[in-house]
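Chemist: Residue numbers (UniProt numbering), protein chains in the order written: chain A, 1 to 181; chain B, 1 to 181. All C-beta atoms in this analysis are idealised placements derived from N, C-alpha and C, irrespective of residue type, glycine included. Structure incoming, see below.
There are 2 protein chains.
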Amino acid sequence: MGNKFEEVTVTTTKIHEGRVISLQVDDVRLPNGKQSKRELVKHPGAVAIIAITDDHRLLTVEQYRKALERSILEIPAGKIEKGEEPKDTALRELEEETGYTASNLHFIQRFATSPGFADEIIYMYVAQGLKKLATEQTLDEDEFVEVREITLREAEELIESEEIFDAKTAFAIQWWRLHQF
Amino acid sequence: MGNKFEEVTVTTTKIHEGRVISLQVDDVRLPNGKQSKRELVKHPGAVAIIAITDDHRLLTVEQYRKALERSILEIPAGKIEKGEEPKDTALRELEEETGYTASNLHFIQRFATSPGFADEIIYMYVAQGLKKLATEQTLDEDEFVEVREITLREAEELIESEEIFDAKTAFAIQWWRLHQF
């Protein structure tokens, strides 16, 4: 696999350098020699955590997503800071967003969320041995989230009602069903 | 749920109007009255198809993803054209990318791929009763894809080796495991 049908960059035009993402348009040479344009969003990457309590509940956070113009329920997640190991990001985000820490944190797999236009990769972790911290949440100043602990049955109803509505959380619910404990 | 922690748009600045995506930056009023910026990618939405042959193989397509600078193996997918019903997109993309048509096509669920910065929603379908068309693939002029039919066991090895590497296909493999037929 690797580079099959490779598209070679001819020129890169930077369009926007943002706080979270940046946008560039690449002119590329296609395998047939013709040229085309690719709009590419650059993202630092993120982690997401399937955190399951001792009494078999999944930690989720409700937050407003401006891109969707509504609130949805997601598993805890967050951007990887420069130089940060994804596993450290996972523990940090779990603690900051939910007020829980974990004695067990294991990497499951990682995936690109939108490979057609973005390089964002999410590293998925499972967290167990959860314990409430004394300090509860410590959120960014523009971050507002509310924690909810849900059963697998509730999770499946929340998918049905589309209150759970994002790819990483849909993946997480399936993962939980496949690895019930 | 709905609008909890709503972020009200103060101003919208359009940055780029592209062929597939566009980018805008919204100044928003947060629940605490302060302001922040949200970088928002607009995307027309897409479909993806879990297409399973009568002999229990999943149809995948190998294609180069410029955002990742490599080729990956994905389930067939494509953008929803203006005015097109997602189910029609699903049958069209299945036929164009794989050269197969389906007598059974059912909607499973839809999800946002990257709700932190994009409004892209993927509608997931399962396709069965697959029949090869006389015409094989009919691709866009800048589209190069190669079809591979894989078993569930191969799919799981391809996840391990990260040749399968995107969220919708990771979801699809789990869905297949949960609904084996």
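In terms of alpha-carbon separation, which member of L91/A, K132/A, E143/A, I75/A lies closest to N32/B?
Modeler: E143/A
Chemist: Are the Cβ atoms of V47/A and V28/A separated by less than 8 Å?
Modeler: no
Chemist: Expressed to the nearest angstrom, what Euclidean distance is found between the alpha-carbon atoms of K132/B and H106/B?
Modeler: 19 Å
Chemist: Let me make sure I understand the geometry here. Which of D140/A, L23/A, E39/A, F165/A has the alpha-carbon closest to that of S114/B?
Modeler: If we check each option's Cα against that of S114/B, F165/A comes out closest.
Chemist: Taking C-beta to C-beta, are T135/B and G83/B nearer than 8 Å?
Modeler: no
Chemist: What in chain A is Cβ-close to R70/B, meaning under 7 Å?
Modeler: Those within 7 Å of R70/B in chain A are G2, N3.
Chemist: Helix, strand or coil, according to DSSP, for G111/B in the structure here?
Modeler: Correcting the residue type first, residue 111/B is Phe in the shown sequence and not Gly. Residue state, collapsed to three classes: strand.
Chemist: Work out the CA separation of F5/B and A77/B for me, nearest whole Å.
Modeler: 33 Å
Chemist: Cβ of W176/A less than 8 Å from any chain B Cβ?
Modeler: For W176/A, no Cβ of chain B is located within less than 8 Å of the residue's own Cβ.
Chemist: Can you find the residues in the same chain that come closer than 8 Å, C-beta to C-beta, to W175/B, ignoring five residues on each side of it along the sequence?
Modeler: Residues I50, I108, M124, V126 of the same chain have their beta carbon placed closer than 8 Å to that of W175/B, with the five preceding and five following residues left out of the count.
Chemist: Which stretch, first to last residue, makes up the alpha helix (DSSP H) that contains Q174/B?
Modeler: 167 to 178
Chemist: Just to confirm before moving on: does the CB-CB distance between L59/A and E149/A stay below 8 Å?
Modeler: yes
Chemist: Which residue wins for smallest C-alpha separation from D26/B, given the options Q128/B, K37/B, R19/B?
Modeler: Answer by Cα proximity: K37/B.
Chemist: Buried or exposed: where does D119/A fall if 16 or more other Cβ atoms within 10 Å of its Cβ makes it buried?
Modeler: buried
Chemist: Roughly how many whole angstroms lie between the Cα atoms of P86/A and T101/A?
Modeler: 16 Å
Chemist: Out of I21/A, K14/A, I15/A, which has the shortest C-alpha to C-alpha gap to F117/B?
Modeler: I21/A
Chemist: Under DSSP, the beta strand (DSSP E) around R38/B begins and ends at which residues?
Modeler: 35 to 42
Chemist: Identify the continuous beta strand (DSSP E) that holds L58/B and give its terminal residues.
Modeler: 58 to 65
Chemist: Give the DSSP-derived three-state secondary structure of T151/B in the structure shown.
Modeler: T151/B falls in the coil class under three-state DSSP.
Chemist: Can you tell which of A167/A, Q180/A, Q137/A has the C-alpha that lies nearest to the C-alpha of E74/A?
Modeler: A167/A
Chemist: So, is T169/A buried or exposed, given that buried needs 16 or more other C-beta atoms within 10 angstroms?
Modeler: T169/A comes out buried.
Chemist: Can you tell me whether residue 205/A is helix, strand or coil according to DSSP?
Modeler: No statement about residue 205/A is possible, as the shown extent of chain A runs from 1 to 181 and does not include it.
Chemist: Less than 8 Å separating the beta-carbons of G18/B and I121/B?
Modeler: Taking 8 Å as the Cβ cut-off, G18/B and I121/B do not qualify as a contacting pair.
Chemist: Kindly indicate the opening and closing residues of the beta strand (DSSP E) around L68/B.
Modeler: Here L68/B belongs to no beta strand (DSSP E), and DSSP marks it neither H nor E.
Chemist: With which residues is A46/A paired in a DSSP beta bridge?
Modeler: K79/A, I122/A
Chemist: Express the C-alpha separation of T12/A and S161/A in angstroms, rounding to a whole number.
Modeler: Here the alpha carbon of S161/A sits roughly 42 Å from the alpha carbon of T12/A.
Chemist: Can you tell me whether E97/B is buried or exposed, with buried defined as 16 or more other CB within 10 angstroms of its CB?
Modeler: buried
Chemist: Quick check on this structure: which residue in K42/A, A112/A, H56/A, Q180/A has the alpha carbon closest to the alpha carbon of L130/A?
Modeler: H56/A
Chemist: Applying the 10 Å Cβ sphere with the 16-neighbour rule, what's the burial state of E93/B?
Modeler: So E93/B ends up on the buried side.
Chemist: Counting only C-beta atoms, is E93/B closer than 8 Å to chain A at any point?
Modeler: no
Chemist: Tell whether a beta-carbon distance below 8 Å holds between H43/A and H16/B.
Modeler: No; because the gap between Cβ atoms is not below 8 Å, this pair is not in contact.
Chemist: Would a C-beta distance cut-off of 8 Å place G2/A and R65/B closer than the cut-off?
Modeler: no
Chemist: How about V10/A and E146/A: do their beta carbons lie closer than 8 Å?
Modeler: no
Chemist: Going along the chain, which residues of its own chain have a beta-carbon closer than 6 Å to the beta-carbon of K79/A, five neighbours each way excluded?
Modeler: P44, A46
Chemist: Of the choices Q128/B, E81/B, L68/B, whose alpha-carbon is the least far from that of Q180/B?
Modeler: Q128/B
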